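Residue numbers (the UniProt record's numbering): 1 to 281.
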């Protein structure tokens with residue numbers, strides 16, 4: 001339950017799911033328009049909408065994952081003598097297992113956040129203000145179809161020493177050359193949130209550090225990937241007297257060295273000594 005209204009209502013007797021929404025875009029087809037109820041800042045109107053849900057008034061038990069004291073009284077009036085029980089652990093267990101469609105939504109939200117981070121990095125030059133960077137963030141996530149920002153602490157300059165305290169209010173002070181700036185963009189896509197945070201240096205040193213990192217990463221990638229081009233599934237790469245390593249469909253053991261790459265091609269581990277010329281998947 002949200003602080004101001006239940007986000008969804010599931011009625012066991014009717015096996016229907018009702019959503020807090022004023023439009024049906026992105027809503028699963030099995031949830032019809034008749035199963036939607038709108039948000040009202042007037043608690044009385046909201047209770048009227050909930051009272052129209054078939055089977056809710058007759059419920060003997062109502063499970064909730066959170067509510068305010070005011071809504072505790074309102075729900076008691078709505079459901080009469082129904083027992084209110086804590087369903088937070090049940091709902092948390094259900095949310096813990098993600099369907100493929102949910103993972104896709106999280107990946108899209110992550111991609112939007114990453115794109116916003118790149119846009120903010122491009123705008124991070126001496127003289128820019130935190131408010132300017134915040135505007136860049138809002139523009140980018142809105143352009144990519146996620147205009148509702150999930151967080152407020154998105155960008156702020158921070159001292160080079162000591163703890164970093166996230167600030168929700170941005171400043172209009174121009175950021176100086178060499179200042180550390182925290183960039184923490186997030187995105188909310190169809191109800192699924194993702195975010196990331198990086199600390200960057202404003203000015204020329206940021207670009208110089210990025211170029212050095214890219215050159216080093218490209219060199220490491222070239223050296224790691226070259227032997228993988230010769231690896232074929234089903235082969236083994238075990239030192240004489242060594243212990244076989246359990247294979248994985250998401251990994252590749254590299255020819256010549258005991259390195260393993262996951263499906264996103266990041267190095268998991270490197271053997272201490274070279275192995276034979278064959279690889280095992």
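Even glycine gets a Cβ: it sits at the ideal position worked out from N, Cα and C.
Nothing here was measured: the structure is a model prediction, and the numbers come from that model.
Can the beta-carbon of residue i be found less than 8 Å from the beta-carbon of residue j?
{"i": "residue 9", "j": "residue 56", "result": "yes"}
{"i": "residue 181", "j": "residue 202", "result": "yes"}
{"i": "residue 121", "j": "residue 155", "result": "no"}
{"i": "residue 19", "j": "residue 27", "result": "yes"}
{"i": "residue 87", "j": "residue 118", "result": "no"}
{"i": "residue 113", "j": "residue 7", "result": "no"}
{"i": "residue 65", "j": "residue 84", "result": "no"}
{"i": "residue 22", "j": "residue 54", "result": "no"}
{"i": "residue 49", "j": "residue 82", "result": "no"}
{"i": "residue 183", "j": "residue 200", "result": "yes"}
{"i": "residue 179", "j": "residue 157", "result": "yes"}
Could you name the residues of the same chain whose beta carbon sits closer than 7 Å to that of residue i, not counting the 5 residues immediately before and after it, in chain order?
{"i": "residue 108", "result": "189"}
{"i": "residue 24", "result": "33 and 36"}
{"i": "residue 5", "result": "20, 39 and 46"}
{"i": "residue 144", "result": "112 and 115"}
{"i": "residue 16", "result": "35"}
{"i": "residue 31", "result": "17 and 19"}
CB-CB under 6 Å to residue i, same chain, minus the five flanking residues each way: which ones, in chain order?
{"i": "residue 248", "result": "Caution applies to residue 248, whose pLDDT of 36 falls short of 50 and renders its modelled position unreliable; the value that the coordinates give is listed next. Same-chain partners within the cutoff: there are none."}
{"i": "residue 116", "result": "137, 140, 141 and 185"}
{"i": "residue 246", "result": "Summary for residue 246: the model assigns pLDDT 40, below 50, so the residue's position carries little reliability, and this model does not support an answer."}
{"i": "residue 152", "result": "168"}
{"i": "residue 127", "result": "174"}
{"i": "residue 170", "result": "130, 131 and 134"}
{"i": "residue 148", "result": "188"}
{"i": "residue 177", "result": "126 and 203"}
For residue i, does the count of other Cβ atoms within 10 angstroms reach 16, so buried, or fall short, so exposed?
{"i": "residue 89", "result": "exposed"}
{"i": "residue 173", "result": "exposed"}
{"i": "residue 12", "result": "exposed"}
{"i": "residue 168", "result": "exposed"}
{"i": "residue 73", "result": "exposed"}
{"i": "residue 132", "result": "buried"}
{"i": "residue 61", "result": "exposed"}
{"i": "residue 44", "result": "exposed"}
{"i": "residue 94", "result": "exposed"}
{"i": "residue 75", "result": "buried"}
{"i": "residue 305", "result": "Absent from the model: residue 305. The displayed extent of the chain is 1 to 281, so no value can be given."}
{"i": "residue 164", "result": "exposed"}
{"i": "residue 254", "result": "Any answer about residue 254 is weak, because its pLDDT of 35 lies below 50 and its placement is not dependable; what the coordinates show is given next. Residue 254 should be labelled buried."}
Spatial neighbours of residue i within its chain, please: C-beta separation below 8 Å, excluding the five flanking residues on both sides.
{"i": "residue 51", "result": "57 and 78"}
{"i": "residue 105", "result": "189, 190, 191 and 192"}
{"i": "residue 150", "result": "186, 187, 188, 193 and 195"}
{"i": "residue 123", "result": "132, 133 and 136"}
{"i": "residue 166", "result": "153, 156, 182 and 184"}
{"i": "residue 80", "result": "57"}
Give a single yes or no on whether residue i has its beta carbon closer than 7 Å to a heavy atom of the ligand FMN.
{"i": "residue 127", "result": "The ligand FMN is not part of this structure, which contains no ligands at all."}
Length at least 3, wholly inside the region 12-93: the beta strand (DSSP E) runs in chain order: 16-20, 61-64 and 83-86
Runs of alpha helix (DSSP H) lying entirely within the UniProt domain "Peptidase M24" (105-203), each at least 4 residues, in chain order: Within the UniProt domain "Peptidase M24" (105-203), the complete alpha helix (DSSP H) runs of at least 4 residues are 130-143.
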